Amino acid sequence: MGAPPVPTEEHSRIIRARRVVAAAQAAAARDGQAPTRSLPKAIANTTDPESRVMPTRRGFVQGYNAQVAVTADHVIAAVNVNQQPNDMPSFVPMMTAATDAPRASMQAPAHPNTRSGSSWPMPATAATRT
Numbered sequence: 298m299g300a301p302p303v304p305t306e307e308h309s310r311i312i313r314a315r316r317v318v319a320a321a322q323a324a325a326a327r328d329g330q331a332p333t334r335s336l337p338k339a340i341a342n343t344t345d346p347e348s349r350v351m352p353t354r355r356g357f358v359q360g361y362n363a364q365v366a367v368t369a370d371h372v373i374a375a376v377n378v379n380q381q382p383n384d385m386p387s388f389v390p391m392m393t394a395a396t397d398a399p400r401a402s403m404q405a406p407a408h409p410n411t412r413s414g415s416s417w418p419m420p421a422t423a424a425t426r427t
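All residue numbers for the sequence shown refer to my numbering, where the first residue is 298 and numbers rise by one.
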């Protein structure tokens, strides 16, 4: 079932990482340079300046974070787009919008081109609520 647990300082990956750091520091000292960390250049998105660079599992992506709440029968109840990389701040507002959507759809007038006089519940207030 795998290797037995060892103290953190004795773990093979820690030992290997310390060797790599020591070698890099020795090489930098040999060259007469202090170890530096290069930062990426600032990049502006001229196509969509309101989008944001957000971290992902595999790096970074420039874009938005979209949230959608649907009903049990897959009808979209609420939509929200923001610039926050984390989903947690959107949870409560999305659940509030999703629970308010059926009430708002019952008050919405029916579309005149439907035969039965009813339309899909797609109120604008639920989609824009934050």
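For glycine and all other residues, C-beta sits at the position ideal for the given N, C-alpha and C.
Fair warning: this is a prediction, and the values are worked out from it, not measured in the lab.
Query: Residue 391 burial status per 10 Å Cβ neighbour count (16 or more: buried); Result: buried
Query: Burial state of residue 309 (16 or more Cβ within 10 Å); Result: exposed
Query: Runs of beta strand (DSSP E) lying entirely within the region 334-393, each at least 3 residues, in chain order; Result: 349-353, 356-360, 362-367 and 373-379
Query: Residue from 374, 366, 323 and 381 with nearest C-alpha to residue 350; Result: 381
Query: 8 Å Cβ cutoff met for residue 366 and residue 395; Result: yes
Query: Per-residue burial, residue 427 [other beta carbons within 10 Å of its own, 16 or more giving buried]; Result: Per-residue confidence for residue 427 stands at a pLDDT of 49, beneath the threshold of 50, marking its modelled position as unreliable; no derived number is given.
Query: Proximity test, residue 361 beta-carbon vs the ligand SAH heavy atom, cut-off 7 Å; Result: Questions concerning the ligand SAH fall outside what the structure shown contains, since it holds no ligand whatsoever.
Query: Straight-line Cα distance separating residue 363 from residue 376; Result: 7 Å
Query: Residue 302 to residue 314 span [Cα, whole Å]; Result: 18 Å
Query: Assumed close pair residue 361, residue 389 - CB separation to whole angstroms, cut-off 8 Å; Result: Residue 361 to residue 389, Cβ: 19 Å. No contact.
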